[in-house]
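Here the protein sequences line up with chains A and B, keeping their order.
Residue numbers for the first sequence follow the numbering used here, so the first one is 5 and each next one is one higher.
Residue numbers for the second sequence follow the numbering used here, so the first one is 32 and each next one is one higher.
Glycine included, C-beta positions come from ideal geometry on N, C-alpha and C.
Given the structure is predicted, the values throughout are model-derived calculations rather than measurements.
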Amino acid sequence: MEFWYWLVSWLPFEWAAPDSMLFMKHALLAILVVTPLFGLLSTMVVESRMAFFSDALGHSAFTGMAIGAICGLADPVGGAVVFAIVIAFLFTLVRQKTRMASDTAISVFSSAAVALGIFISTMGGQSFTKFNSLLIGDILSVSPAEIGLLAIILILVVVLWVTSFNQMMLSSVHQALADSRGIKVVWKNFLFTAAIAAVVTITMSWVGLLVINSLLVLPAAAARNLSRNLHQYHLISVLGGLVCGIGGLMVSYYLGASTGASITVLLALWFFLSLLFKGKH
Amino acid sequence: MRFEKKDKTGFGRIPLRGRPGTCQLRVRDLGVTLESDTILQGINFDLNCREIVALIGPNGAGKSSLFRSILGQIPYSGTIKFELAGGYPSRPKIGYVPQSPSFDRDYPISVLDFFAAAIGRWPVFLPVPKSLRTRVEECLSRVHGEALIDKRIGTLSGGELQRVLMALALEPIPQILILDEPLSGVDVGGEHLLMEMLDEIRQTYDLSIFFSTHDFNTLQQYADKVILLQHSILKVGTPSEVLRSPEFQSVFHLNLGMEGGDN
Chain A
5 MEFWYWLVSW
15 LPFEWAAPDS
25 MLFMKHALLA
35 ILVVTPLFGL
45 LSTMVVESRM
55 AFFSDALGHS
65 AFTGMAIGAI
75 CGLADPVGGA
85 VVFAIVIAFL
95 FTLVRQKTRM
105 ASDTAISVFS
115 SAAVALGIFI
125 STMGGQSFTK
135 FNSLLIGDIL
145 SVSPAEIGLL
155 AIILILVVVL
165 WVTSFNQMML
175 SSVHQALADS
185 RGIKVVWKNF
195 LFTAAIAAVV
205 TITMSWVGLL
215 VINSLLVLPA
225 AAARNLSRNL
235 HQYHLISVLG
245 GLVCGIGGLM
255 VSYYLGASTG
265 ASITVLLALW
275 FFLSLLFKGK
285 H
Chain B
32 MRFEKKDKTG
42 FGRIPLRGRP
52 GTCQLRVRDL
62 GVTLESDTIL
72 QGINFDLNCR
82 EIVALIGPNG
92 AGKSSLFRSI
102 LGQIPYSGTI
112 KFELAGGYPS
122 RPKIGYVPQS
132 PSFDRDYPIS
142 VLDFFAAAIG
152 RWPVFLPVPK
162 SLRTRVEECL
172 SRVHGEALID
182 KRIGTLSGGE
192 LQRVLMALAL
202 EPIPQILILD
212 EPLSGVDVGG
222 EHLLMEMLDE
232 IRQTYDLSIF
242 FSTHDFNTLQ
252 QYADKVILLQ
262 HSILKVGTPS
272 EVLRSPEFQS
282 VFHLNLGMEG
292 GDN
């Protein structure tokens, strides 16, 4: 971290001065790690029509937080990650069995998860206010340990992409063809879903549950409008996410708004901008 | 060149343009049951080298199930054997062109991406290297589709998509090429182009072609043999034999006396 603080101190911002505003430096590093991660994951989320599905995963991450808190875990994030991965596993099974991402089935899962979360967190007359920060997100809550964890997940996702992207892509765009070429992706889809679950859970507390799914959908949705092949698609998705992420952090710092919301607003603007250019290539 | 062959299925003598004896797929007493529904039963036929065999029948007759049992994707009873020249048993290499979904026009997946992902290990979200691109071009040239390489897969016409999927099924070169409804979604001009191409492919690569279709106009010209299927085989023969048979007319509810045209 010391190296990072030193590196940031070269930036011409007031918060970048040495020994001040450490949270801002953490936030910047977190964004540099997490936006490429979201950019990569979002390409597959959009191509596999999983936007709604990932939203449901986000909700189950909240339930995980609530369960973690009720169990008296000092750090509910750990418990939540485990819970969200279990839910991700169940989701993958259901998806595999039914062979489709039926929006009704997902909706059932999603509302059950969120209801269970609220039920547990308010049981016995507890106040829900301590969970408010999860809904909106709080940039102050980023810790170096979480950034480290996200960096590890980023590396794992890159490895998954390099080894299995072809097969996952084929089976999502043309199941019959993938079957005929003997491609089996159950485990890879699970790893992919688990990665989404873990990333969403970890970043939820500073991006905010209400907007987190946009980070999984908008980068690729915008890139899709501008690209003709998968290479451009990934490049634009990752870069767009990165630029909007950094931009959103700046906006939120100078205007005092929620970081998650600022990033999302920028991503949405970026998406509408991309719509204007759609079809011109 | 026409061969006369005594067929063991009891459907009489069938003239064949294929070359029995070089390689042969023998299907004997094949049955498929899914969730206590009998999809197929008592299926017997041979598929000879260089033969183009058309599978016709109404929707739900079990055409796709027959393909999938030959591909080994679903459990079946009976035997499916493949023999090389001289009667040596072997596992056939099968190229399969599945019935194609219509792709979303906005998929940012080029033909190159799609093809390279299916035949190679190179992760296609990175720029595709030149050597792989050349290999894909070679494969596409087998269906005269080199010009399609940079198009997005969702913008291809029905015929173009079929050609790309055909090129994919021909890599590596199979001994049997199975196509599920290759003519659906293809316009009339494209149909003839595709069938000409199949004819060319079986001669160049010495393989048998087995395809299903609802388009009876092309059969007369391009198929060597037609199998009429409705859970069991109702009729096997040359296109005109099958299209003029009472079985065909009754399955497709055609008036007697009408030549086997469109239904």
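inquiry  = Quick check on the DSSP output: the beta strand (DSSP E) that includes S162 of chain B runs from which residue to which?
reply    = Looking up residue 162 of chain B in the second sequence gives position 131. Counting along the chain, S162 of chain B falls outside any beta strand (DSSP E), though it belongs to the alpha helix (DSSP H) covering K161 to S172.
ask   = Taking 7 Å as the CB-CB cut-off, is G292 of chain B touching chain A?
value = Sequence index remark: in the second sequence, residue 292 of chain B carries index 261 (1-based). Since pLDDT at G292 of chain B reaches only 46, below the 50 mark, its modelled position is unreliable, and no value is offered.
ask   = the region 159-181 of chain A: which residues have C-beta closer than 9 Å to a C-beta of chain B, in chain order?
value = W165, V166, T167, S168, F169, N170, Q171, M173, L174, V177, H178, Q179, A180 and L181
ask   = Given a threshold of 16 other Cβ atoms within 10 Å of its Cβ, counted over all protein chains shown, does L279 of chain A qualify as buried or as exposed?
value = Here residue 279 of chain A is taken as the residue at index 275 of the first sequence, counted from 1. By the neighbour-count rule (16 or more Cβ atoms within 10 Å), L279 of chain A is not buried but exposed.
query = Can you find a C-beta in chain B that's less than 7 Å from the C-beta of N233 of chain A?
reply = On the first sequence, residue 233 of chain A is found 229 positions in, with the first residue counted as 1. Closer than 7 Å: yes.
query = Taking the C-alpha atoms as reference points, what is the distance between V215 of chain A and N229 of chain A?
reply = Here the question's residue 215 of chain A lines up with position 211 in the first sequence. Here the question's residue 229 of chain A lines up with position 225 in the first sequence. Rounded to the nearest angstrom, the two C-alpha atoms are 22 Å apart.
task = Determine the contact status of V174 of chain B and R152 of chain B, defining contact as a CB-CB distance below 7 Å.
result = If you number the second sequence from 1, residue 174 of chain B lands on position 143. If you number the second sequence from 1, residue 152 of chain B lands on position 121. For V174 of chain B and R152 of chain B, no; Cβs fall outside 7 Å.
request  = Pull up the distance between the alpha-carbon of S176 of chain A and that of A65 of chain A, whole angstroms please.
outcome  = Looking up residue 176 of chain A in the first sequence gives position 172. Looking up residue 65 of chain A in the first sequence gives position 61. Spanning the two alpha carbons is a distance of roughly 25 Å.
ask   = In its own chain, which residues sit with a C-beta less than 6 Å from the C-beta of S121 of chain B, not counting the 5 before and 5 after it?
value = Mapped onto the second sequence, residue 121 of chain B falls at position 90. Result list for S121 of chain B: F113 and L115, in chain order.
task = Report the neighbours of Q236 of chain A on chain B: residues whose CB is nearer than 8 Å to its CB, in chain order.
result = Residue 236 of chain A sits at position 232 when you count from the first residue of the first sequence. What Q236 of chain A touches in chain B: P139.
At least 3 beta-carbon pairs within less than 8 Å: the region 19-33 of chain A vs the region 172-191 of chain A = no
query = For G252 of chain A, which residues of its own chain have a beta-carbon under 7 Å away from its beta-carbon, when the five flanking residues on both sides are left out?
reply = By 1-based counting over the first sequence, the position of residue 252 of chain A is 248. Taken in chain order, the residues that qualify are T263, S266, I267 and L270.
task = Identify whether T55 of chain B lies in helix, strand or coil by the three-state DSSP scheme.
result = Along the second sequence, one-based indexing puts residue 55 of chain B at 24. In the sequence under discussion, the amino acid at residue 55 of chain B is Gln, which differs from the Thr named in the question. Here Q55 of chain B sits in strand by DSSP.
N-terminal and C-terminal residue of the alpha helix (DSSP H) that F27 of chain A is part of = Reading the first sequence from its first residue, position 23 is the one you call residue 27 of chain A. Start and end: L26 to E51.
inquiry  = My output table needs one value for N90 of chain B: the three-state DSSP class, helix, strand or coil.
reply    = Along the second sequence, read from residue 1 onward, the residue named residue 90 of chain B stands at position 59. Reduced to three states, the DSSP call for N90 of chain B is coil.
ask   = I think L250 of chain B touches E278 of chain B, with their Cβ atoms under 8 Å apart; what is that distance to the nearest whole Å?
value = As a working mapping, residue 250 of chain B is identified with position 219 in the second sequence. As a working mapping, residue 278 of chain B is identified with position 247 in the second sequence. At roughly 15 Å, the Cβ-Cβ gap does not stay under 8 Å, so L250 of chain B and E278 of chain B are not in contact.
ask   = What in chain B is Cβ-close to R228 of chain A, meaning under 7 Å?
value = Working through the first sequence from its first residue, we reach residue 228 of chain A at position 224. Going along chain B in sequence order, the residues near R228 of chain A (Cβ under 7 Å) are D137 and P139.
Proximal residues, the region 118-131 of chain B versus chain A, C-beta separation under 8 Å = Y127, P129, Q130 and S131
ask   = The beta strand (DSSP E) with N75 of chain B in it runs from where to where?
value = Taking the first residue of the second sequence as 1, we reach residue 75 of chain B at position 44. It spans D68 to N79 - the beta strand (DSSP E) in which N75 of chain B sits, taken as one unbroken run.
request  = Specify, as a first and last residue, the run of the beta strand (DSSP E) that T110 of chain B falls within.
outcome  = Numbered from 1 along the second sequence, position 79 holds the residue referred to as residue 110 of chain B. It spans S108 to L115 - the beta strand (DSSP E) in which T110 of chain B sits, taken as one unbroken run.
query = Is the number of C-beta pairs between the region 72-92 of chain A and the region 231-240 of chain A that are closer than 8 Å three or more?
reply = no
request  = Give a yes or no on whether 7 Å exceeds the smallest Cβ distance from S184 of chain A to chain B.
outcome  = Residue mapping note: residue 184 of chain A aligns to position 180 of the first sequence, counting from 1. Yes, S184 of chain A lies at the interface with chain B (some Cβ there is under 7 Å from its Cβ).
key: Supposed close pair H262 of chain B, I70 of chain B - CB separation, criterion 8 Å   = The residue labelled residue 262 of chain B in the question sits at position 231 within the second sequence. The residue labelled residue 70 of chain B in the question sits at position 39 within the second sequence. Confirmed, about 7 Å.
task = Identify each residue in the region 160-184 of chain B for which the Cβ-Cβ distance to at least one residue of chain A is less than 9 Å, and report them in chain order.
result = D181, K182, R183 and I184
message = Once DSSP output is grouped into helix, strand and coil, what is the label at K101 of chain A?
response = Locating residue 101 of chain A in the first sequence gives position 97, where the first residue counts as 1. In the structure shown, K101 of chain A sits in a helix (DSSP, three-state: H, G or I).
inquiry  = By alpha-carbon positions, which one of A:F196, A:V37 and A:M69 ends up nearest to G212 of chain A?
reply    = Here residue 212 of chain A refers to the residue found at position 208 when the first sequence is read from its first residue. Residue A:M69 is the option with its Cα nearest to G212 of chain A.
Assigned exposure category for F123 of chain A - 16 Cβ within 10 Å defines buried = Here residue 123 of chain A refers to the residue found at position 119 of the first sequence. With fewer than 16 other Cβ atoms within 10 Å, it is exposed.
query = Can you name the start and end residues of the alpha helix (DSSP H) that K192 of chain A belongs to?
reply = Here residue 192 of chain A refers to the residue found at position 188 of the first sequence. Start and end: V190 to V211.
task = In angstroms with no decimal places, state the Cα-to-Cα distance between S218 of chain A and K161 of chain B.
result = Within the first sequence, the letter at position 214 stands for residue 218 of chain A. Within the second sequence, the letter at position 130 stands for residue 161 of chain B. In a straight line, the C-alpha of S218 of chain A is about 36 Å away from that of K161 of chain B.
key: Which of helix, strand or coil DSSP assigns to T96 of chain A   = For this step, residue 96 of chain A is matched to residue 92 along the first sequence. Looking at T96 of chain A - three-state DSSP - the assignment turns out to be helix.
query = DSSP state of P205 of chain B, grouped into three classes?
reply = On the second sequence, residue 205 of chain B is found 174 positions in, with the first residue counted as 1. Here P205 of chain B sits in coil by DSSP.
ask   = By a C-beta neighbour count over all protein chains shown, 10 Å radius and 16 as the cutoff for buried, is A117 of chain A buried or exposed?
value = As a first step, residue 117 of chain A is located in the first sequence; it is residue number 113 there, counting from the start. It counts as buried.
query = Quick one: Cα of V37 of chain A to Cα of L158 of chain A, how far?
reply = One-based indexing of the first sequence puts residue 37 of chain A at position 33. One-based indexing of the first sequence puts residue 158 of chain A at position 154. About 7 Å.
ask   = Can you find a CB in chain A that lies within less than 7 Å of the CB of A116 of chain B?
value = Indexing the second sequence from 1 puts residue 116 of chain B at position 85. No, A116 of chain B does not count as interfacial toward chain A.
ask   = What number of angstroms, rounded off, separates the C-alpha of Q130 of chain A from the C-alpha of D107 of chain A?
value = In the first sequence, residue 130 of chain A corresponds to position 126, counting from 1. In the first sequence, residue 107 of chain A corresponds to position 103, counting from 1. The straight-line gap from Cα to Cα measures roughly 33 Å.
key: Option nearest L201 of chain B by Cα separation, candidates B:G220, B:M226, B:I232 and B:D218   = Here the question's residue 201 of chain B lines up with position 170 in the second sequence. Answer by Cα proximity: B:I232.
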